[in-house]
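Encoded as structure tokens, the structure appears first; notes follow it.
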Amino acid sequence: MSEDTIRIAKHFEVLANPIRVAILKFLLEDDAGWNELKRKLEKAGFGRVNPNTLAFHLTRLIEHGFVEKRGSPESPIYSLKIEKNKLERLLREAKEVTS
């Protein structure tokens, strides 16, 4: 199995979670802090979001190069690391494939 195949599969695995996709969509609009992301997820219908759950999903997105964290540890700001147009195209194509 090629490294390329493994890398692609791992990226799609990251995108296979609705919370992570929602976070990416929020960050397409604008950078956001921890509390803002938590509030947006809860407002979007994910129910009460456990801080450990949010931390887990943000870490996965950071590890795979979709998101970056900057600012102070006490009040980090999250933003897209992947190019915005690439993410928009990826989400659009995924939506078309699943329709």
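In terms of my numbering, the sequence shown has 234 at position 44, counting the first letter as 1, and numbering is strictly consecutive.
Idealized CB from N, CA, C, for every residue including glycine.
Every value quoted in this text rests on a predicted model; they were computed, and no experiment measured them.
- A straight-line Cα-Cα distance of about 18 Å links LEU244 and ASP220.
- Judged by DSSP secondary structure, ARG229 falls within the alpha helix (DSSP H) whose first and last residues are 224 to 231.
- Here LEU270 is near LEU217, since their CB atoms are less than 7 Å apart.
- Beta-bridge partners assigned by DSSP to LYS276: none are found.
- By the criterion of a C-beta distance shorter than 7 Å, ILE272 is surrounded in its chain by GLY255, PHE256, once the five residues flanking it on both sides are discounted.
- GLU264 carries a coil assignment under DSSP once its states are collapsed to helix, strand and coil.
- The DSSP-derived three-state label of LEU281 is helix.
- Taking C-alpha positions only, ALA199 is separated from ARG250 by approximately 14 Å.
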